[in-house]
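Protein chains in written order, with our numbering: chain V, 19 to 334; chain C, 19 to 334; chain H, 19 to 334.
Cβ atoms here follow ideal geometry from the backbone N, Cα and C, with glycine treated the same way.
One structure is given below, encoded as structure tokens.
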């Protein structure tokens with residue numbers, strides 16, 4: 019098994035295939051902990067992890083907090099509305115102040131792309147990107163890749179379709195980087211107004227035919243449609259989107275028997291997918307959520323291990 | 019002692035006398051823990067309890083969190099404003115996602131009656147109703163019954179008066195179910211606009227004479243007057259309510275010497291009761307709060323025990 | 019070492035030199051814990067500390083929570099917006115209800131001076147003032163004094179300048195009390211509209227010449243300028259303030275080589291101080307934050323020790 023040397027997790031494009039595999043293997047061994055009667059190990063006892071969320075989030079914040087608690091770390095949560103941000107301090111100053119309390123790790127979510135990089139550059143604490151703007155959401159992509167590998171035993175050579183608002187999706191971007199690195203074939207599909215120009219340069223195919231994408235896919239990732247995009251005139255109507263790109267039973271008639279229907283949540287039932295598909299035999303949506311805790315436990319464990327090592331060596 | 023077999027706590031009308039007694043006896047043994055120098059036992063170490071509060075609450079949320087922490091469970095809190103609800107996801111989907119993180123128990127409060135049932139029906143995690151609409155608030159009633167039993171050594175045969183806005187009170191409804199099951203005699207008293215029609219069918223007496231109710235009661239529960247009811251035209255004025263139904267020293271002149279003045283909080287001093295009564299020798303209002311932690315420790319312990327058993331037997 | 023007998027911490031004017039020294043010495047021994055690989059000791063296991071913040075705060079709340087967690091206490095946080103306060107209950111009633119859950123300590127912040135006294139008078143739980151109105155912020159002053167003593171090995175005889183909005187600053191007031199008690203010489207400096215009349219009666223010098231204050235100081239505390247003061251007509255303009263009282267490299271040309279530049283945070287870069295000063299060699303701003311956790315660990319430890327003793331002796 020290769021050694022982990024990274025101190026921050028900002029974007030999957032920074033990781034090699036071996037590094038992604040190390041995360042997935044570590045997560046696999048941690049997943050069992052959450053099924054125990056006593057879901058807790060002392061691994062990160064006495065470590066401090068701060069959630070610094072400038073965008074609201076239920077599942078991602080909970081998932082990180084649970085991951086930290088199950089490893090016995092102490093967690094603290096700072097929501098944007100209650101933070102010093104409202105007093106005009108810069109994000110980096112807020113983070114430096116938090117770090118000065120001997121905090122080991124800051125998990126940050128922000129609506130602006132690049133904020134996690136600013137923190138990673140300015141801090142000694144480990145920084146995890148929990149979603150920045152339209153750019154990256156690496157732990158989401160890792161849990162998606164974990165879920166695919168768990169079902170198929172591999173990722174290389176599989177066909178993965180990503181459907182929806184590719185333009186604004188950090189989930190799509192991180193999955194494209196991670197899945198390409200792992201050797202999957204990716205087809206992106208969505209309304210042309212929501213398809214970034216030149217996306218093919220990332221090594222993906224573009225299709226506007228959802229039926230073809232469904233028929234050829236081993237795993238199909240449906241992206242959440244941000245309703246506010248309609249107000250921004252990117253979409254004619256939600257109803258129109260659902261009719262063309264929404265996945266229902268009828269559209270799945272030519273799907274492979276082992277197709278995985280995936281969604282990062284929260285789902286808009288009746289928009290990206292029908293209720294019978296969300297709750298049906300193809301869906302692994304709740305498995306993704308379960309795996310998210312294991313992935314985050316692995317990330318916390320690996321990054322904090324490197325931080326301890328770098329501190330010991332006097333390098334940070 | 020009878021065995022506990024329930025997996026959820028939604029409404030006291032689902033519980034037998036033996037089950038309520040088992041909760042009270044368990045709470046009695048747990049109450050001592052909170053008086054120790056080290057207020058913590060390892061009973062629920064590695065269990066995960068999530069507070070899912072769609073209505074704001076200080077004391078109920080704190081009481082549940084403290085109960086969980088004193089049993090060494092991990093707790094996480096989701097407030098409505100920061101939840102995915104604002105992104106249009108259904109409550110059941112939110113709860114299923116939380117459950118998928120291997121959460122053992124969800125404590126839910128919601129302004130709509132029936133939400134806890136929806137969650138209990140759709141989840142394997144244990145569900146505790148921390149108050150739903152005007153319908154039920156079972157842990158409040160249990161702590162009230164505990165407080166009465168603690169003082170009198172029994173509940174059966176006692177006269178309990180419940181005064182105020184019976185129509186909108188989940189506290190009144192849960193106490194009626196629980197106290198009747200335990201054999202108490204109940205008289206409800208309040209303005210006729212705030213008295214539900216046919217309430218006698220629940221086995222209670224209705225009185226509009228507060229003096230008679232005070233004179234005959236062993237315990238008197240004063241319900242919080244929601245000031246917004248006045249705007250809804252249920253009440254002529256708060257001042258008028260306080261004059262007729264507010265309890266002050268003068269009104270207590272014919273009270274039994276051992277009368278308990280109870281209130282679920284937060285109190286409106288000068289409305290439901292005068293300050294000298296709230297802080298006076300009859301008041302057990304703060305004892306109710308103390309007992310609330312013990313009751314919630316007992317509930318967490320009993321429900322999680324059943325959940326573990328059902329899981330072991332492969333039934334959930 | 020003298021013995022600690024206080025049960026609350028409301029204002030530094032209540033403390034003797036020996037008591038302040040005991041806090042500083044205790045903090046010194048606790049500071050090392052936060053640099054360990056496992057930043058946690060079992061000292062306050064099973065104790066319950068509640069943060070009751072009626073004003074928003076990031077760093078002070080985090081600092082107290084981390085201090086409590088590193089001593090293994092359980093912590094709970096109540097923010098004003100979610101508290102019963104919005105239901106019209108008095109602050110003391112809210113606090114009494116929290117205390118009734120066998121809570122050991124309440125850390126309170128409120129925009130009105132005197133609220134911590136009201137709680138201390140009405141409760142058996144220990145009360146810590148985390149900032150009340152314009153009056154006192156004792157833990158901030160203690161961490162400031164700790165930082166000065168740590169650098170110089172003493173406080174007595176040092177010259178400390180406090181610059182800015184003295185009129186509205188609880189940080190200034192608490193530092194004046196604490197530093198005077200410890201034998202420092204204090205000069206306050208700021209716009210005359212923001213200088214309280216008769217401040218000299220507290221034993222401080224008043225100067226309106228920032229250059230003189232800088233030249234003579236061993237430590238210089240820059241107070242945060244509340245931007246809303248300008249709207250209140252206390253200030254002609256922020257720009258004017260920055261020009262006269264803002265500290266930049268040029269103004270430091272006659273400073274002592276060992277000058278400490280201090281700020282309670284959050285800083286307004288470009289107003290109270292320039293960025294190169296904030297991040298420069300004189301600045302101990304982040305050390306103050308680090309020391310804040312140690313000071314709060316010491317306070318929690320000392321106050322809870324007294325509370326346990328008083329309870330044992332039946333005195334509370």
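| query | Is DSSP giving residue 45/C helix, strand or coil here? | reply | For the purposes of this step, residue 45/C is identified with residue 27 of the second chain, where counting begins at 1. Of the three classes helix, strand and coil, the one that applies to residue 45/C here is helix, per DSSP.
| said: Between residue 64/H and chain C, is the shortest Cβ-Cβ distance under 8 Å, so that the two count as touching? | reply: Residue mapping note: residue 64/H aligns to position 46 of the third chain, counting from 1. At a cut-off of 8 Å, the C-beta of residue 64/H has a neighbouring C-beta in chain C.
| query | From the beta carbon of residue 67/V, is the nearest beta carbon of chain C less than 8 Å away? | reply | Locating residue 67/V in the first chain gives position 49, where the first residue counts as 1. Chain C, which has no Cβ nearer than 8 Å to the Cβ of residue 67/V, makes this no.
| Proximity to residue 178/C [Cα-Cα], best of 124/C, 221/C and 293/C | One-based indexing of the second chain puts residue 178/C at position 160. For residue 178/C, the nearest C-alpha among the options comes from 221/C.
| Bridge partner(s) assigned by DSSP for residue 127/C | Residue numbering aside, residue 127/C sits at position 109 when the second chain is read from its first letter. According to DSSP, which records beta bridges pairwise, residue 127/C is partnered with 71/C.
| field | Environment of residue 301/V [buried if 16+ CB atoms lie within 10 Å] | value | If you number the first chain from 1, residue 301/V lands on position 283. Residue 301/V comes out buried.
| field | For residue 312/H, the first and last residue of its enclosing alpha helix (DSSP H) | value | For this step, residue 312/H is matched to residue 294 along the third chain. 303 to 330 is the extent of the alpha helix (DSSP H) around residue 312/H.
| query | What's the gap between the Cα of residue 303/H and the Cα of residue 280/H? | reply | Numbered from 1 along the third chain, position 285 holds the residue referred to as residue 303/H. Numbered from 1 along the third chain, position 262 holds the residue referred to as residue 280/H. Cα to Cα, residue 303/H sits roughly 5 Å from residue 280/H.
| According to the neighbour-count rule (16 or more other Cβ atoms, all chains shown, within 10 Å of its Cβ), is residue 104/H buried or exposed? | The sequence position of residue 104/H within the third chain is 86, counting from 1. Summary for residue 104/H: the model assigns pLDDT 48, below 50, so the residue's position carries little reliability, and this model does not support an answer.
| message | residue 239/V and residue 181/V - do their beta-carbons sit closer together than 8 Å? | response | For the purposes of this step, residue 181/V is taken as residue 163 along the first chain, with counting starting at 1. For the purposes of this step, residue 239/V is taken as residue 221 along the first chain, with counting starting at 1. Yes, the Cβ-Cβ distance between residue 181/V and residue 239/V is below 8 Å.
| In or out: residue 129/H buried (at least 16 other Cβ within 10 Å) or exposed? | Mapped onto the third chain, residue 129/H falls at position 111. Label assigned to residue 129/H: exposed.
| said: Measuring only the C-alpha atoms, how far is residue 236/V from residue 322/V? | reply: Position 218 of the first chain holds residue 236/V. Position 304 of the first chain holds residue 322/V. If you draw a straight line from the Cα of residue 236/V to the Cα of residue 322/V, it is about 35 Å long.
| Taking the alpha helix (DSSP H) that residue 56/C falls in, what are its first and last residues? | Counting from 1 along the second chain, the entry for residue 56/C is found at position 38. Premise fails: residue 56/C is in no alpha helix (DSSP H) and is neither H nor E.
| message | Rounded to whole angstroms, what is the Cα-Cα separation between residue 46/H and residue 58/H? | response | Numbered from 1 along the third chain, position 28 holds the residue referred to as residue 46/H. Numbered from 1 along the third chain, position 40 holds the residue referred to as residue 58/H. Rounded to the nearest angstrom, the two C-alpha atoms are 16 Å apart.
| message | What does the alpha-carbon distance come out to for the pair residue 299/C and residue 169/C? | response | By 1-based counting over the second chain, the position of residue 299/C is 281. By 1-based counting over the second chain, the position of residue 169/C is 151. Approximately 13 Å, taken between the alpha carbons.
| For residue 77/H, does the count of other Cβ atoms within 10 angstroms reach 16, so buried, or fall short, so exposed? | Residue mapping note: residue 77/H aligns to position 59 of the third chain, counting from 1. It counts as buried.
| field | DSSP three-state assignment for residue 36/H, whether helix, strand or coil | value | In the third chain, counting from the first residue as 1, residue 36/H sits at position 18. Helix at residue 36/H.
| Sequence ranges, beta strand (DSSP E) only - wholly within the segment 148 to 213 of chain H, length at least 3 | 177 to 181 and 203 to 207
| task | Taking only beta carbons into account, state which residues of the segment 71 to 86 of chain C come closer than 9 Å to chain V, listed in chain order. | result | Contacts with chain V (Cβ-Cβ distance below 9 Å) from the segment 71 to 86 of chain C involve no residue at all.
| Supposed contact pair residue 151/H and residue 184/H - C-beta distance, whole angstroms, cut 8 Å | In the third chain, the residue the question calls residue 184/H occupies position 166. In the third chain, the residue the question calls residue 151/H occupies position 133. Rounded, the Cβ-Cβ distance is 15 Å, inconsistent with contact.
| query | Helix, strand or coil for residue 270/C per DSSP? | reply | Looking up residue 270/C in the second chain gives position 252. Here residue 270/C sits in helix by DSSP.
| At a Cβ threshold of 8 Å, is residue 116/V touching chain H? | On the first chain, position 98 is the one that residue 116/V refers to. So, interface residue.
| Taking Cβ positions, are residue 203/C and residue 244/C nearer each other than 8 Å? | Along the second chain, read from residue 1 onward, the residue named residue 203/C stands at position 185. Along the second chain, read from residue 1 onward, the residue named residue 244/C stands at position 226. Going by C-beta atoms, residue 203/C is not nearer than 8 Å to residue 244/C.
| field | chain H residues whose Cβ lies nearer than 8 Å to that of residue 122/C | value | For the purposes of this step, residue 122/C is identified with residue 104 of the second chain, where counting begins at 1. Contact annotation for residue 122/C against chain H: no contact, minimum CB-CB distance about 19 Å [criterion: below 8 Å].
| Cβ of residue 30/C within 8 Å of Cβ of residue 156/C? | As a first step, residue 30/C must be located in the second chain, where it is residue number 12. As a first step, residue 156/C must be located in the second chain, where it is residue number 138. Cβ atoms of residue 30/C and residue 156/C: closer than 8 Å.
| said: When you compare the segment 221 to 230 of chain C with the segment 156 to 167 of chain C, are there three or more beta-carbon pairs, one atom per stretch, that lie closer than 8 Å? | reply: no
| query | Is the CB-CB distance between residue 233/C and residue 272/C below 8 Å? | reply | In the second chain, residue 233/C corresponds to position 215, counting from 1. In the second chain, residue 272/C corresponds to position 254, counting from 1. For residue 233/C and residue 272/C, yes; Cβs fall inside 8 Å.
| Range covered by the alpha helix (DSSP H) that runs through residue 260/V | One-based indexing of the first chain puts residue 260/V at position 242. Where residue 260/V is concerned, the enclosing alpha helix (DSSP H) stretches over 256 to 263.
| task | Look up residue 247/H in the DSSP assignment and say whether it is helix, strand or coil. | result | For the purposes of this step, residue 247/H is taken as residue 229 along the third chain, with counting starting at 1. Residue 247/H: helix per DSSP, three-state reduction.
| query | Taking Cβ-Cβ distances shorter than 7 Å, what residues in chain B pair up with residue 153/H? | reply | Within the model displayed, chain B is absent; protein chains V, C and H are what it includes.
| If we count Cβ pairs, one from each stretch, closer than 8 Å, do we get three or more for the segment 286 to 295 of chain H versus the segment 252 to 262 of chain H? | With the rule of 3 Cβ pairs closer than 8 Å, the segment 286 to 295 of chain H counts as touching the segment 252 to 262 of chain H.
| said: When you compare the CB of residue 249/C with every CB in chain V, is at least one pair closer than 8 Å? | reply: For the purposes of this step, residue 249/C is taken as residue 231 along the second chain, with counting starting at 1. With 8 Å as the cut-off, residue 249/C does not count as an interface residue toward chain V.
| request: Specify, as a first and last residue, the run of the alpha helix (DSSP H) that residue 293/V falls within. | output: Taking the first residue of the first chain as 1, we reach residue 293/V at position 275. Start and end: 293 to 296.
| Cα separation between residue 146/C and residue 67/C? | What you label residue 146/C is simply residue 128 of the second chain in a count that begins at 1. What you label residue 67/C is simply residue 49 of the second chain in a count that begins at 1. Rounded to the nearest angstrom, the two C-alpha atoms are 10 Å apart.
| request: Counting only the same chain and skipping the five closest in sequence on each side, list residues whose C-beta sits under 6 Å from that of residue 125/H. | output: Counting from 1 along the third chain, the entry for residue 125/H is found at position 107. Only 69, 82, 146 and 148 meet the Cβ criterion.
| task | Work out the CA separation of residue 138/V and residue 330/H for me, nearest whole Å. | result | Translated into the one-based positions of the third chain, residue 330/H becomes position 312. Translated into the one-based positions of the first chain, residue 138/V becomes position 120. Using only the alpha carbons, I get a separation of about 50 Å.
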